[in-house]
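Quick notes on the structure that follows.
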């Protein structure tokens, strides 16, 4: 395992094939008679020549150099790395879902449209919203979609509102999405309890406020207790409230953004709804809105006639238009619907209870060993600070790297930005108490190692296929492809 | 409340509550004001046991006419190509599909190397030096390319050909509203971009010219001529392309494109009702630090051993926040892996062969239409695996397709939906999967169905 895995191009031997194509059963004409030579490749693409076993062994070797939830505990804060149920995978692979074309006649895809329709309804109920679009491909894509609707809403009312407010604990995508939607961002500081500072919010809002973007519970794992006052302040100024649903796993069936005063919500189905992260994607970021924003939804939506025929509705003249080709990441939506039907509303609530109980248990047990900048009850995740280890010459990064030696994926580190040497832990509900206990013991052991044998941490990881990598060199002298051409 | 995904036993719960120092779970939610607490049970779909759920999903799936039940001549951005059997086996390795973005490189070398190889493949196909780790789809990749061009040239006007996929142009328009860009469309003649109109649209205010080749009608654009027009006033040339066609067609990079984008769906990705697919995005070296999304770079570990990391992150939202080059975070990594496996399977000769098969079969089919008498081919420009058919005056494409469906065919895309002037025209795609027998019968049934 510690051997380097050659690049796939390095495995190539001229003359080998791994494909099987049909013979040409139509009368063949020289291609240059069909397409002018000047449009054809001067030389073939330099792709590797392999046989099937090469391909299988190469990717199997790569898979063994990778770590997923099925390999072990993955307490990555704000990412909700819960178990990815296998029935979801099977369902998405049914020919009736995987082998259908987006432009087929609607009568030939009624099952797919019904699934989307039901999912729209279920997600609307879960978030307390009036209508949901399943178009956005990811959380950030949902944020941008939501903000474009907010922009269209204000413009329709003849108001020029140019500013989006975000707390300093917000995800980086929030201000980035605001910029892409044409807004300026105002960042407000959190108060000493880690919550929105109402005075700062009051000072920031005005007749140029388009929206406040908020994650609730926030990225510190804390519920914004004053959410109703916050909503009141923003709405009184004429702004709207945007809910970043990254942390929805804490409150399913317990509280709904729609009831808290939010006007627009996105959910990350690849977090809350158990769809796999795929090594970075695909995800899905459906957006729900209150009725006043429904006319601005991107097209198309799935609707149903009185006699139960499902159809696609492109949307009216106020729609912000398309945000993606076709109908969203359908295969991911199938998985999310499957998950919802595996649990139902009562057990979805139980999911959140277990996720929150697990987080509080871990926080309580780790408190004596790591600084907890925000003590007290948390929701589904919590933050620790590694700053107490600095006196041993050890940083949070070193703790994370040492965790790799024990077979864990480390928590999120150095985020949120307003916590020094931050360690952000989200256990999720699908981990057993034994798993949590073993991880806690490891974290305690590492804290002790930091004091007694800091080099163990500073040189970690010791057991992985490569040691700590030189990221500075990668950025300074970028090597971004194998330059086989 | 037992469930197979939830390990919490009553005893676990009691022990944990004791450690925390609470007597009821409700205390954990005491910070949520009562006025916003949800009382009761959410009106959502009910839970089903595993067998019942499987059956329910199968029933929904079976109500769709999939490619095993009907012979597909639909393309228009999503194609029914053969998916090599090994792909699903590799994509089912849960070390890949249950992993997060590779933030911890030491335990993510597999994913990082796979993406590095994907980037290499995209560079090789497109003839450009730098590719990212994927975008949501071809349409959003195209819109992001427009945004990049505007930022790079500090110009606000983008000229896009009407032969670019209508949905990609729609996404571009939405994106343009956000960034206050002006979109100018250039028309077409004989199936390809009208070069005179294009030249007249390009000024010293033009950030980029965007074309697609093979374009939405299947026709291959004259990229050499378009390149000269696009660069006349120092704007960028953005080419959206079909990666499978690049087995045969000259790469956009060699023809002078600054940015090549497209959808990798033809490379082994299931049609899946249009998603998830995988956008790709490649640029010249000059634009390297402006590219959106994740990029993997090669480096060394502390012992000098080769390794891979996410790099050039100073462009990205989690570092730069509102000043990032894009807001993209999640991408389509698993489908990038899918495309990589496809290209590994096809290799050098397979990519040529599969592209040739598409060309041969599509041209054979076009020949049948040309000879049919009832139908004609309105465009004579060279094409790849798709072409436009004009139906007789009284025929309505949607109606023709509904009839074809009853005979086991998914007919071509009704062009009247996106191009009012092409009402009664159908876009027919023919991949390597179509046999001569299927093709002959399709043309025969289509013709027979015309009144």
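Protein chains in written order, with the working numbering: chain A, 208 to 692; chain B, 20 to 470.
Even for Gly, the Cβ is constructed at its ideal location relative to N, Cα and C.
Item to complete: Could you tell me if residue 374 (chain B) is buried or exposed, where buried requires 16 or more neighbouring beta carbons within 10 angstroms of its beta carbon?
Response: buried
Fill in: Three-state secondary structure (DSSP) of residue 639 (chain A)
coil
Discussion item. From the DSSP secondary-structure annotation, give me the bridge partner or partners of residue 338 (chain A).
Written reply: A:496
Worksheet item: Does the pairing of the segment 303 to 319 of chain A with the segment 78 to 94 of chain B give three or more beta-carbon distances under 8 angstroms?
Response: yes
Item to complete: Out of A:360, A:482, A:646, state which residue places its alpha-carbon closest to the alpha-carbon of residue 611 (chain A).
Response: A:646
Practice prompt. Could you pull out every residue in the same chain whose Cβ sits closer than 8 angstroms to the Cβ of residue 303 (chain A), ignoring the five residues on either side in sequence?
Written response: Cβ neighbours of residue 303 (chain A) beyond the five flanking positions: 318, 319.
Worksheet item: Given that a residue counts as buried once 16 or more other Cβ atoms are within 10 Å of its Cβ, and exposed if not, what is residue 478 (chain A)?
Response: buried
Item to complete: Compute the Euclidean distance between the alpha carbons of residue 719 (chain A) and residue 258 (chain A), then round it to the nearest angstrom.
Response: Since the first and last residues shown for chain A are 208 and 692, residue 719 (chain A) lies out of range.
Discussion item. I want to know whether the segment 266 to 278 of chain A touches the segment 109 to 128 of chain B - three or more CB-CB distances under 8 angstroms.
Written reply: yes
Practice prompt. Just the chain A side, please: which residues come within less than 7 angstroms of residue 118 (chain B) by C-beta, in chain order?
Written response: 273, 274, 275, 484, 486
Worksheet entry | For residue 157 (chain B) and residue 298 (chain B), believed in contact at Cβ under 8 angstroms, the rounded distance | 5 angstroms
Discussion item. Classify residue 250 (chain A): buried if its beta carbon has 16 or more other beta carbons within 10 angstroms, exposed otherwise.
Written reply: exposed
Practice prompt. Using the Cα positions of residue 208 (chain A) and residue 297 (chain A), report the straight-line distance between them to the nearest angstrom.
Written response: Interpretation of residue 208 (chain A) is limited by its pLDDT of 49, a score under 50 that renders its predicted location unreliable; no figure is taken from the coordinates.
Fill in: Inter-residue Cα distance where the pair is residue 46 (chain B) and residue 56 (chain B)
13 angstroms
Worksheet item: Tell me, which residues are paired with residue 462 (chain A) by DSSP?
Response: B:56
Worksheet item: If residue 231 (chain B) sits next to residue 259 (chain B), beta carbons under 8 angstroms apart, how far is it from one beta carbon to the other, in whole angstroms?
Response: Beta-carbon to beta-carbon, residue 231 (chain B) and residue 259 (chain B) are separated by about 4 angstroms, close enough to satisfy the 8 angstroms threshold.
Worksheet item: Taking the alpha-carbon positions, what's the residue 692 (chain A) to residue 139 (chain B) distance?
Response: Here residue 692 (chain A) scores only 44 on pLDDT, less than 50, and its place in the model is too uncertain to base an answer on.
Discussion item. Using a Cβ-Cβ cutoff of less than 8 angstroms, which residues in the same chain neighbour residue 182 (chain B) once the five nearest sequence positions on both sides are dropped?
Written reply: 207, 210, 211, 212, 230, 231, 234, 235, 236, 238, 240
Worksheet entry | Residue-level contact to chain B via CB, residue 356 (chain A), 8 angstroms cutoff | no
Discussion item. Suppose only complete runs of 4+ residues qualify. What are the alpha helix (DSSP H) ranges in the segment 215 to 261 of chain B, listed by chain order?
Written reply: 242 to 250
Worksheet item: If the cut is a Cβ gap below 9 angstroms, which residues of chain A does residue 239 (chain B) touch?
Response: 242, 243, 246
Worksheet entry | Euclidean distance between Cα positions of residue 252 (chain B) and residue 289 (chain A) | 52 angstroms
Worksheet item: What residues in its chain sit with their C-beta under 8 angstroms from that of residue 476 (chain A), if we drop five residues either side in the sequence?
Response: Once the five neighbours on either side are set aside, the close Cβ partners of residue 476 (chain A) are 482, 490, 491, 492, 493, 539, 540, 542, 543.
Practice prompt. Classify residue 208 (chain A) as helix, strand or coil using the three-state DSSP reduction.
Written response: Here residue 208 (chain A) scores only 49 on pLDDT, less than 50, and its place in the model should not be relied on; the value that follows carries that caveat. In the structure shown, residue 208 (chain A) sits in coil (DSSP, three-state: anything other than H, G, I, E or B).
Worksheet item: So which residues on chain A does residue 60 (chain B) lean against when the C-beta distance must stay under 7 angstroms?
Response: Here the neighbours are 552, 553.
Discussion item. Less than 7 angstroms between C-beta atoms, sequence neighbours within five positions excluded: which residues of the same chain meet that for residue 642 (chain A)?
Written reply: Cβ-Cβ distances below 7 angstroms link residue 642 (chain A) to 280 in the same chain, with the five nearest sequence neighbours on each side left out; the list follows chain order.
Worksheet item: Name the chain B residues whose beta carbon is nearer than 8 angstroms to that of residue 616 (chain A)?
Response: 119, 123, 126
Worksheet entry | Separation of residue 488 (chain A) from residue 352 (chain B), as counted between CA atoms | 5 angstroms
Worksheet item: Which residues in the same chain as residue 292 (chain B) place their Cβ atom closer than 8 angstroms to its Cβ, once the five residues preceding and following it in sequence are excluded?
Response: none
Worksheet item: Which residues in the same chain have their Cβ closer than 7 angstroms to the Cβ of residue 317 (chain B), if we skip the five residues on either side of it in sequence?
Response: 135, 325, 327
Discussion item. Given this structure, state the Cα-to-Cα distance separating residue 226 (chain B) from residue 217 (chain B), to the nearest angstrom.
Written reply: 14 angstroms
Fill in: For residue 281 (chain B), the residue or residues it bridges with in DSSP
DSSP output for residue 281 (chain B) lists B:260, B:299 as bridge partner(s).
Item to complete: Compare the C-beta of residue 674 (chain A) against all C-beta atoms of chain B and say whether one is closer than 8 angstroms.
Response: yes
Discussion item. Going by DSSP in three states, residue 518 (chain A) sits in which element: helix, strand or coil?
Written reply: If DSSP states are grouped into helix, strand and coil, residue 518 (chain A) belongs with the strands.
Worksheet item: Across which residues does DSSP place residue 127 (chain B) in a beta bridge pair?
Response: A:273
Item to complete: Could you check the C-alpha separation between residue 405 (chain A) and residue 496 (chain A) for me, to the nearest Å?
Response: Per the coordinates, the alpha-carbon of residue 405 (chain A) lies some 25 angstroms from the alpha-carbon of residue 496 (chain A).
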